[in-house]
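The structure under discussion appears below in the form of structure tokens.
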Amino acid sequence: MRLLEVENLVKHFGGVAAVDGVDFHADEKEIVSVIGPNGAGKTTLFNVVTGFFEPDSGKMEFEKLSLVGLKPNRVTKLGIARTFQQIRLFPNLTVLENAMVGQHCRTKAGPFGAIIRPPWAVREEREIADRAREVLGFFGDRLLPMQDTMAFELSYADRRRLEIARAMATMPKLLLLDEPTAGMNPVEKHGLVELIGRLRAERGYTVVLIEHDMPVVKNVSDRVVAIDHGKVIAQGTYDEVSSDPQVIEAYLGKQKATGQQI
Amino acid sequence: MSTRALAGRASVMTADGRTGSTRSTVTVGMIGGLVAVYFMVVGMVEKFDARGIIAGVIGLSFTLLAITAAGTGYMAARSRERAGMATGLASAASAGALAGAVAGALSAVTILAVDLIGEEHVRTMFQSFTPRLIEGILSFGRTVGFGAMVLFAAGVSLGVLGALLQQTAPRMRRAILTGLGTLLVISMAEPFLTQVFRNVTDNFGIPISRDWLYERSGMTVLGAILMFALGFAFSWWRSTRAQRATVSPPAGERSADAAGMRSIRGLVRGRAGKMIGFLAVLGLLILVPRIVGPFLSQVVVIIGIYVLLGLGLNIVVGFAGLLDLGYVAFFAVGAYAVAVFTSPASYLAAEGATTGVLNFWVALPIVVVMAIVAGLMIGAPVLRLRGDYLAIVTLGFGEIARVLIASNWLSEYLGGAQGILRIPPPAPEEWSLRRPQNLYFIVLAFVLIAVFVSTRLKDSRVGRAWAAMREDESVAEAMGVSVINYKLLAFGIGAGVGSLGGAIFAIQVGSVFPNSFDLLVSINALSVIVLGGLGSIPGVVVGALALVGLPELLREFQEFRLLIYGAVLVALMILRPEGLLPEVRRKRELHERAIEEEQYEEQVGQEGLPPVIETGPEERRE
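Just so you know, the sequences run in chain order D and Y. Using this note's numbering, the letters of the first sequence correspond one by one to residues 1 to 262. Using this note's numbering, the letters of the second sequence correspond one by one to residues 263 to 884.
Laid out in structure tokens, this is it:
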């Protein structure tokens with residue numbers, strides 16, 4: 001079943017067409033990798049889908065509901081969560097609090113509940129913490145023992161993990177990961193591939209990730225979408241896309257593309 | 263070691279320019295000397311001579327000069343250590359001696375020069391160089407030459423002392439400084455404490471004499487020793503406790519049994535201890551007006567008003583991270599709304615009426631609601647602004663509020679420049695006989711409510727959403743926080759709390775005028791929360807005490823009051839940028855770089871270079 005459907009999406013910044021008529025979709029429980037050279041418009045695509053930017057034209061639907069014109073918090077509430085290319089945690093909140101913020105759109109206590117603390121608000125607060133701990137627990141003993149540490153004190157890889165945990169805490173159906181392996185070493189990258197598999201198997205998430213690392217893309221994806229200059233230039237299985245001459249040209253330049261494989 | 267030889271050697275070395283370290287030591291000494299001379303020039307040394315610190319031992323004048331000299335030695339030793347030249351006691355002591363010598367020499371030369379030229383000539387420009395200062399105080403009752411020599415020798419020895427203090431272990435140093443600080447503060451608080459002792463004796467029948475602690479001017483020697491010991495012991499105890507906390511193993515490594523025991527004990531201590539502590543503090547707070555007496559009660563009410571303003575602004579700035587420089591607007595709304603509703607002189611009241619249209623307590627909820635509405639009105643247009651831009655626009659709104667209430671256009675309702683007079687006290691007539699004391703209880707109640715509301719909000723879903731917004735607005739939005747709603751909420755609640763301060767202000771003064779609501783109120787409220795520690799609720803109380811209470815404590819400094827006050831504020835912010843009573847997280851944030859470096863070094867030490875170093879503090883915020 002189609003979860004996310006993007007049709008002919010256009011987003012200009014001044015004279016630059018960052019996203020220039022992209023058609024894109026993600027089916028339920030699918031893992032899709034978006035590849036493409038730097039500046040191809042991958043992150044912009046994420047930003048438009050999640051409501052950070054409004055599209056100039058085109059259609060975006062999530063479970064048949066249009067996303068166009070929705071603010072990021074509404075998009076999150078519908079069930080799309082994301083991580084960022086440059087890690088953007090709340091550095092001066094604890095690990096647990098970071099994950100608890102993710103629960104915001106699934107809970108409702110307002111100032112009244114906060115000040116008076118009726119029983120339902122107390123219960124809700126406890127559930128927020130429990131669910132936050134549960135998503136931290138998904139990462140084994142990486143995050144849970146550190147729950148009272150400030151986020152800025154975490155190691156780099158743990159920050160990446162916490163960003164994913166925070167996104168999981170919003171209880172999404174679709175998870176958008178923007179270069180989750182950036183800056184990781186081979187061992188950590190391997191761990192991440194495994195993690196993405198578990199996100200689908202244990203949590204039933206659909207995952208769309210932007211990724212530069214080809215072995216990771218190869219190991220993790222059901223389908224690969226290549227973007228260049230704001231347009232989709234190829235899509236299909238990893239082998240199909242990686243042998244596509246247009247993709248090779250986009251990555252390596254014209255001369256190389258005529259002769260060699262990646 | 264002969265100081266003369268030392269000074270001589272130093273001058274040779276600086277003349278050569280061979281060692282930068284020596285030059286910087288001399289620079290530190292010059293600065294110290296200039297500060298000391300400055301104290302003489304502005305007349306502080308002469309004016310404070312009569313004021314004793316420890317009776318018969320040292321007065322305030324020489325305390326000031328001694329602190330300057332010792333501080334010079336301390337800074338010299340530190341700068342030599344930082345330069346990484348030589349370390350060790352001898353090197354530090356020589357640096358301290360040199361800097362102290364330079365400082366002492368500057369002071370000595372100054373009085374010699376003044377004596378040579380003749381005070382009567384110098385005094386046309388520097389009025390403070392009186393014969394009493396030069397030939398009396400600074401000559402120690404003998405000749406000016408003798409005085410100069412004493413100043414120089416004292417400079418050297420105090421410089422060495424300061425340098426040695428710098429070399430002692432941090433824990434010992436902190437304890438010594440805390441002891442000396444306690445001594446100084448208690449000695450300076452003599453008028454205040456004398457009054458407190460008298461009130462306690464009169465009102466509670468507990469006879470406390472001041473005589474064991476104070477002589478006619480300054481402390482007794484015994485009192486001084488006791489106070490030093492008290493401060494020393496307290497600081498020592500605290501660092502022992504802190505050390506134990508860091509040494510103990512992390513919770514994960516303890517056996518489940520121990521952890522269980524700990525949590526039970528923690529629960530008991532948490533619940534019961536908190537309750538007992540709260541009741542004790544409350545009891546003490548209720549007794550405050552009887553302890554401090556009528557005049558100081560008035561000061562306490564002003565402190566209370568600033569606590570309310572601080573708590574309100576803390577929600578906006580500290581929790582939600584929205585820098586609001588127009589906070590005075592809500593203070594004004596609170597004060598003016600109370601005036602309009604309760605004063606018989608307001609346009610609402612009938613001609614010749616003796617009371618306003620509403621009782622204070624009936625008006626109060628309406629006032630708060632009006633302030634919340636005002637908060638939303640100011641909040642709405644600035645929703646899209648961040649950081650500096652937000653500050654400037656709110657600054658404008660604050661000015662608009664002041665101009666509006668002073669304007670002719672609204673003078674029919676708000677009285678224009680004449681303001682609104684005859685605001686009645688908020689209780690039955692017979693109550694108001696001792697007004698400052700009664701007003702105190704109203705302030706206390708409001709403050710307790712505001713503290714309660716702030717604490718509850720902070721530790722809740724709402725508080726987390728604000729914190730997330732403060733950390734990274736766009737990401738907070740991506741996590742489902744409706745930034746617009748939460749900004750408006752912060753402005754609204756902050757305005758409501760601030761209006762309580764305005765209401766108290768109106769009934770305390772009994773009238774409201776436009777010029778009470780200028781920019782300075784906003785700045786003071788902001789200073790309160792920054793001084794106390796941004797986002798910290800106890801910090802607001804401590805900040806208000808310091809900001810409003812300190813000038814009261816400095817009252818006997820007369821014309822130097824604001825000078826000292828400003829200097830103390832500057833020093834506080836340099837030494838403790840996180841505030842007097844910061845939140846834990848805020849403190850860590852300011853020392854973030856140090857912590858990261860430490861972690862990095864640890865990692866390097868354990869396993870060689872870590873594989874990935876792509877992280878850094880620069881990735882925070884935009």
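Beta carbons are placed, not taken as given, at the ideal position from N, Cα and C, and that holds for glycine.
Contact with chain D by residue i, beta-carbon distance below 8 Å
i, result
"residue 744 of chain Y", "yes"
"residue 726 of chain Y", "yes"
"residue 755 of chain Y", "yes"
"residue 751 of chain Y", "yes"
"residue 718 of chain Y", "yes"
"residue 736 of chain Y", "yes"
C-beta neighbour in chain Y for residue i, strict 8 Å
i, result
"residue 125 of chain D", "yes"
"residue 128 of chain D", "yes"
"residue 97 of chain D", "yes"
"residue 18 of chain D", "no"
"residue 100 of chain D", "yes"
"residue 76 of chain D", "yes"
"residue 161 of chain D", "no"
"residue 52 of chain D", "yes"
"residue 44 of chain D", "no"
"residue 170 of chain D", "yes"
Contacts of residue i in chain D (Cβ-Cβ under 8 Å)
i, result
"residue 715 of chain Y", "115"
Under 8 Å between C-beta atoms of residue i and residue j
i, j, result
"residue 592 of chain Y", "residue 641 of chain Y", "no"
"residue 474 of chain Y", "residue 482 of chain Y", "yes"
"residue 625 of chain Y", "residue 761 of chain Y", "no"
"residue 358 of chain Y", "residue 422 of chain Y", "yes"
"residue 124 of chain D", "residue 109 of chain D", "yes"
"residue 740 of chain Y", "residue 82 of chain D", "yes"
"residue 791 of chain Y", "residue 804 of chain Y", "no"
"residue 227 of chain D", "residue 10 of chain D", "no"
"residue 429 of chain Y", "residue 351 of chain Y", "yes"
"residue 381 of chain Y", "residue 372 of chain Y", "no"
"residue 230 of chain D", "residue 56 of chain D", "no"
"residue 89 of chain D", "residue 151 of chain D", "yes"
"residue 62 of chain D", "residue 143 of chain D", "no"
"residue 175 of chain D", "residue 167 of chain D", "yes"
"residue 178 of chain D", "residue 43 of chain D", "yes"
"residue 604 of chain Y", "residue 585 of chain Y", "no"
"residue 51 of chain D", "residue 65 of chain D", "no"
In DSSP terms, what residue i is bridged to
i, result
"residue 266 of chain D", "Residue 266 of chain D falls outside the range modelled here, since chain D spans only 1 to 262, and no answer is possible."
"residue 61 of chain D", "D/5, D/66"
"residue 13 of chain D", "D/16"
"residue 108 of chain D", "Its beta-bridge partners do not exist; DSSP assigns none."
"residue 223 of chain D", "D/32"
Chain-ordered chain Y contacts of residue i [CB-CB under 7 Å]
i, result
"residue 110 of chain D", "724"
"residue 203 of chain D", "Ordered by position in chain Y, no residue passes the 7 Å Cβ test against residue 203 of chain D, which lies about 18 Å from the chain."
"residue 107 of chain D", "723"
Contact list for residue i against chain Y, beta-carbon separation under 9 Å
i, result
"residue 71 of chain D", "739, 744, 745, 746"
"residue 181 of chain D", "The contacting residues do not exist; residue 181 of chain D stays about 11 Å from chain Y at best."
Residue i: CB within 7 Å of a non-hydrogen atom of the ligand PLP
i, result
"residue 641 of chain Y", "Because no ligand of any kind appears in the structure shown, any question about the ligand PLP cannot be addressed here."
Proximal chain D residues relative to residue i, where beta-carbon distance stays under 7 Å
i, result
"residue 733 of chain Y", "90, 91, 92, 93"
Neighbouring residues, chain D, relative to residue i (Cβ below 9 Å)
i, result
"residue 730 of chain Y", "90, 93, 97, 98, 101, 104"
Contacts that residue i makes with chain Y (C-beta to C-beta distance below 8 Å)
i, result
"residue 82 of chain D", "740"
"residue 166 of chain D", "741"
Taking 8 Å as the cut-off, does the stretch 727-737 of chain Y touch the stretch 95-107 of chain D (at least 3 CB pairs, one atom from each stretch)?
These segments touch.
Okay, do the stretch 788-805 of chain Y and the stretch 674-682 of chain Y touch, 3+ Cβ pairs below 8 Å being the bar?
no
Across the stretch 744-760 of chain Y and the stretch 555-565 of chain Y, are there enough close Cβ pairs to call them in contact, namely three or more that are closer than 8 Å?
no
The stretch 762-770 of chain Y touching the stretch 704-720 of chain Y, judged by at least three CB pairs closer than 8 Å:
yes
Is the stretch 208-225 of chain D in contact with the stretch 17-37 of chain D, if contact means three or more CB pairs nearer than 8 Å?
yes
Could you tell me whether the stretch 565-576 of chain Y touches the stretch 709-717 of chain Y, using the rule of 3 or more Cβ pairs below 8 Å?
With a cut-off of 8 Å, the stretch 709-717 of chain Y and the stretch 565-576 of chain Y count as touching, because enough Cβ pairs lie within range.
Is the stretch 190-201 of chain D touching the stretch 101-117 of chain D in the sense that three or more CB pairs, one from each, lie closer than 8 Å?
By the criterion of at least three beta-carbon pairs nearer than 8 Å, the stretch 101-117 of chain D is not in contact with the stretch 190-201 of chain D.
Pairing CB atoms from the stretch 290-308 of chain Y with CB atoms from the stretch 316-336 of chain Y, are three or more of them under 8 Å?
yes
Segment contact, 8 Å Cβ cut-off, at least three pairs: the stretch 337-347 of chain Y with the stretch 300-313 of chain Y:
no
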